[in-house]
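A.B. asks: Residue numbers for the sequence shown follow our numbering, so the first one is 21 and each next one is one higher. Quick reminder that beta carbons are idealized off the backbone N, C-alpha and C, glycines included.
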Amino acid sequence: MDGNADTEHDPMGLFGRPLFNDPQARALSRVGVVDIGSNSVRLVVFDGAARSPAYFYNEKLMCALGAGMSNTGRLNPEGRARALLALKRFQALAEGMNLPPLTVVATAAVREAEDGPEFRDDVLRETGLRIWVIGGEEEARLSAQGVMLGWPGSYGLVCDIGGSSMELAEISGGRVGRRISSNLGPLKLRDLKGGQKGRDDHIKAVMAKLADHMGQQRDRLFLVGGSWRAIARIDMYRRNYPLHVLHEYRMDKKAVSQTVKFIKSSDIEQLRLACGISTARMDLVPYAVDVLKRLVQTFKPKDIAISSYGIREGLLYEQMPQELRDRDPLIEACRFAEAKDARLPGFGKKLFRFVMPLFSNADTARVRLIKAACLLHDVSWRAHPDYRAETCFDNATRANLGGLKHSERVFLGLALLHRYKNKREGTRFEELEGLLSPKATLEAEVLGKALRFGSMLWMSDASADGTALEWKPRKKLLRLKLTKDSVPLYGEVAEARFLSLAASLEAQTEVIVQR
Numbered sequence: 021m022d023g024n025a026d027t028e029h030d031p032m033g034l035f036g037r038p039l040f041n042d043p044q045a046r047a048l049s050r051v052g053v054v055d056i057g058s059n060s061v062r063l064v065v066f067d068g069a070a071r072s073p074a075y076f077y078n079e080k081l082m083c084a085l086g087a088g089m090s091n092t093g094r095l096n097p098e099g100r101a102r103a104l105l106a107l108k109r110f111q112a113l114a115e116g117m118n119l120p121p122l123t124v125v126a127t128a129a130v131r132e133a134e135d136g137p138e139f140r141d142d143v144l145r146e147t148g149l150r151i152w153v154i155g156g157e158e159e160a161r162l163s164a165q166g167v168m169l170g171w172p173g174s175y176g177l178v179c180d181i182g183g184s185s186m187e188l189a190e191i192s193g194g195r196v197g198r199r200i201s202s203n204l205g206p207l208k209l210r211d212l213k214g215g216q217k218g219r220d221d222h223i224k225a226v227m228a229k230l231a232d233h234m235g236q237q238r239d240r241l242f243l244v245g246g247s248w249r250a251i252a253r254i255d256m257y258r259r260n261y262p263l264h265v266l267h268e269y270r271m272d273k274k275a276v277s278q279t280v281k282f283i284k285s286s287d288i289e290q291l292r293l294a295c296g297i298s299t300a301r302m303d304l305v306p307y308a309v310d311v312l313k314r315l316v317q318t319f320k321p322k323d324i325a326i327s328s329y330g331i332r333e334g335l336l337y338e339q340m341p342q343e344l345r346d347r348d349p350l351i352e353a354c355r356f357a358e359a360k361d362a363r364l365p366g367f368g369k370k371l372f373r374f375v376m377p378l379f380s381n382a383d384t385a386r387v388r389l390i391k392a393a394c395l396l397h398d399v400s401w402r403a404h405p406d407y408r409a410e411t412c413f414d415n416a417t418r419a420n421l422g423g424l425k426h427s428e429r430v431f432l433g434l435a436l437l438h439r440y441k442n443k444r445e446g447t448r449f450e451e452l453e454g455l456l457s458p459k460a461t462l463e464a465e466v467l468g469k470a471l472r473f474g475s476m477l478w479m480s481d482a483s484a485d486g487t488a489l490e491w492k493p494r495k496k497l498l499r500l501k502l503t504k505d506s507v508p509l510y511g512e513v514a515e516a517r518f519l520s521l522a523a524s525l526e527a528q529t530e531v532i533v534q535r
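1) Beta-carbon separation of Gly182 and Tyr329 under 8 Å?
2) For Cys83, write down the residues that DSSP places opposite it in a beta bridge.
3) Indicate the three-state DSSP secondary structure (helix, strand or coil) for Ala325 in the structure shown.
4) Is it true that the segment 128-135 meets the segment 293-308, where meeting means three or more beta-carbon pairs spaced less than 8 Å apart?
5) On a Cα-Cα basis, can you pick out the residue from Ala164, Ala522, Met117 that is closest to Asn442?
6) Between the C-alpha atoms of Arg94 and Val143, what's the straight-line distance to the nearest angstrom?
7) State the start and end residues of the unbroken alpha helix (DSSP H) segment that holds Asp232.
8) Given Tyr77, which residues of its chain have a CB within under 6 Å of its CB, disregarding the five upstream and five downstream residues?
9) What are the start and end residues of each continuous alpha helix (DSSP H) run of 4 or more residues lying completely inside the segment 96-165, in chain order?
10) Ignore the nearest five residues each way along the sequence and tell me which others in Lys425's own chain have a CB closer than 7 Å to its CB.
11) Go to Ile390, then tell me how far its alpha helix (DSSP H) extends in each direction, as first and last residue.
12) Who pairs with Ile181 in a beta bridge, going by DSSP?
13) State the DSSP-derived secondary structure class of Leu488, mapped to helix, strand or coil.
14) Run through DSSP, which three-state label would Gly245 get?
15) Among Gly99, Leu81, Glu79, Lys80, whose alpha-carbon lies nearest the alpha-carbon of Ala87?
16) Helix, strand or coil: which one does DSSP assign to Ile351?
17) Looking only at its own chain, which residues have a Cβ that is under 6 Å from the Cβ of Ala114, when we skip the five neighbours before and after it?
18) For Ser380, count the other beta carbons within 10 Å of its own beta carbon; 16 or more makes it buried, fewer makes it exposed. Which is it?
19) Using the beta-carbon count (16 or more within 10 Å), is Lys313 buried or exposed?
20) Going by DSSP in three states, Arg50 sits in which element: helix, strand or coil?
21) Quick check: the Cα distance between Thr529 and Pro458, rounded to an integer number of angstroms?
22) Is there a C-beta anywhere in chain C that falls below 8 Å from the one on Ala416?
23) Only counting the same chain, and skipping five residues up and downstream in sequence, which positions put a Cβ closer than 6 Å to that of Glu159?
24) May I have the straight-line CA-CA distance separating Arg109 from Gly116, to the nearest angstrom?
25) Which first and last residues belong to the alpha helix (DSSP H) in which Thr447 is found?
26) Cα separation between Ala353 and Arg347?
27) Give the secondary structure of Val64 by DSSP, where H, G and I count as helix, E and B as strand, and everything else as coil.
28) Just reading off the alpha helix (DSSP H) that Ile297 is part of, what are its end residues?
29) Under the three-state reduction of DSSP, which class applies to Gln339: helix, strand or coil?
30) Name the residue from Glu190, Arg161, Gly194, Ser163 whose alpha carbon lies nearest to the alpha carbon of Gly173.
31) I need the straight-line Cα distance from Arg240 to Ile283, nearest angstrom please.
32) Which residues does DSSP list as the beta-bridge partners of Leu497?
33) With Leu432 and Ala409 assumed to form a contact (beta carbons below 8 Å), what rounded beta-carbon distance in angstroms separates them?
34) Apart from the five residues on each side of it in sequence, which residues of its chain come closer than 8 Å, Cβ to Cβ, to Glu338?
35) Can you check which of these residues, Arg71, Gly486, Asp287, is closest to Lys504 by C-alpha distance?
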């Protein structure tokens, strides 16, 4: 967030002016990245507001380039052929989308294989794509930058697990600190001799060296990589967790321990089918859980967060000017959505000023969500009126938005649901109700009803100055101040919505017409 704006005179200034139309941001509005990993090859095309990009296109092929390398020293021949075909397809897609040149990176398998240079030459000759082979520490840095794209100002330890390697990096204050790479990838552990005991001894020894290098890390642990996401999906299944969004999903040490035991005691194929995990990915999970168990025991994080953002997002972050990096990804995305889809772009700013007297004691985190709701309050207006409330709720709780905890997703979704509907009974909120405290549920209801009411008064700019809400919580009094010219806007429907808002606050009402 940008703290340099004039927040006293412009409450929206807490987050700075929008940047998505600036030339430097527009240059990043459609960017293609290819990640050639030891297990998968993936193309991602980012689109939209550069600070919080949408995934315009996302395709992955499980090639297992690193399978068997511990024994042969060479890339898996079948995986190499499949990867080349995938890259040919990705290049053709990029040309069809009129993208700038693709950024192509390769990690542990290609950098360690004796035929890695030969593979790179083949790709260049067959596709014209030049592969950037990055070292382990650079891989750690880019993955950490991907986490910072989703969590501005985050701090803690980033752990990125691939097929053949595992990287650690510390982040604090928008900077990447110490970092290190290891051979604790599931593909390499699978080829290790000595069975379970041999793997456990190896993991313990390597983890001790990682701890010596990284030092004490007792803050948040960010988990990046497909194997971690598969384990998180299994944890959701074990807990019967209601919101199936992996990004920002939280676990603790106890949950990790319980899930490790759950996996080891389960039929792997039945578990795979129940959780919707691919066979290729599930084959690596038993090895990854051994690493995760030792990782948590060694570093003792205060909590654990799953990040869907990693090296690909880190490459996008690498291209951002610092001014854009400093922005809040949620607010930038919401501003972009308002500019693109709202009937009256810019109206969210007026609505924010109108509803804020109801939340005078809100902290910065809550004000941020209030602003997001104001910006998004009208972007689903094209939906059928009977489904608008549910559409808003689904968009907020399941959209690809960065910088949102799961409880914040539900808060935002509930506020937008109440923007179009007084009652939440019988809606999909009931499935997620347990993720929000009763106090937060009431705050979201009040916010949504305030948006519902305020949108009726402000559809015209006529004499807007002076029309305001006043909230006296001790007296339980909700006062509406109207200007002479805004009185006609306060019709029967508007009055009903005002009374509904007051009922949620358990307040008496007073309407004053200013002369």
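C.D. replies: According to the structure shown:
1) no
2) Note: Cys83 sits in no beta bridge, so no partner.
3) strand
4) no
5) The alpha carbon of Asn442 has as its nearest neighbour, out of Ala164, Ala522, Met117, the alpha carbon of Ala522.
6) Their backbone Cα atoms lie some 16 Å apart in a straight line.
7) 215-234
8) Val65
9) 97-116, 128-132, 136-147
10) In its chain, beyond the 5 residues on either side, Glu268 have a beta carbon closer than 7 Å to the beta carbon of Lys425.
11) Here the alpha helix (DSSP H) through Ile390 covers 384-396.
12) Bridge partners of Ile181: Met186.
13) In the sequence on display, residue 488 carries Ala and not Leu. Note: Ala488 maps to strand in three-state DSSP.
14) Assigned with DSSP and collapsed to three states, Gly245 falls in coil, not helix or strand.
15) Gly99
16) Three-state DSSP puts Ile351 in a helix.
17) Gly52, Leu122
18) exposed
19) buried
20) strand
21) Rounded to whole angstroms, the separation of the alpha carbons of Pro458 and Thr529 is 24 Å.
22) Structure shown: chain C not included; a single protein chain is present.
23) Thr127, Glu187
24) 11 Å
25) Careful: Thr447 lies outside any alpha helix (DSSP H) and carries neither H nor E.
26) Distance between Ala353 and Arg347, taken at the CA atoms: about 10 Å.
27) strand
28) Where Ile297 is concerned, there is no enclosing alpha helix (DSSP H), given that its DSSP letter is neither H nor E.
29) coil
30) Gly194
31) 24 Å
32) Lys492, Gln528
33) The pair is not a contact, with the Cβ atoms about 13 Å apart (cut-off 8 Å).
34) Leu162, Gln165
35) For Lys504, the closest alpha carbon among the candidates Arg71, Gly486, Asp287 is that of Gly486.
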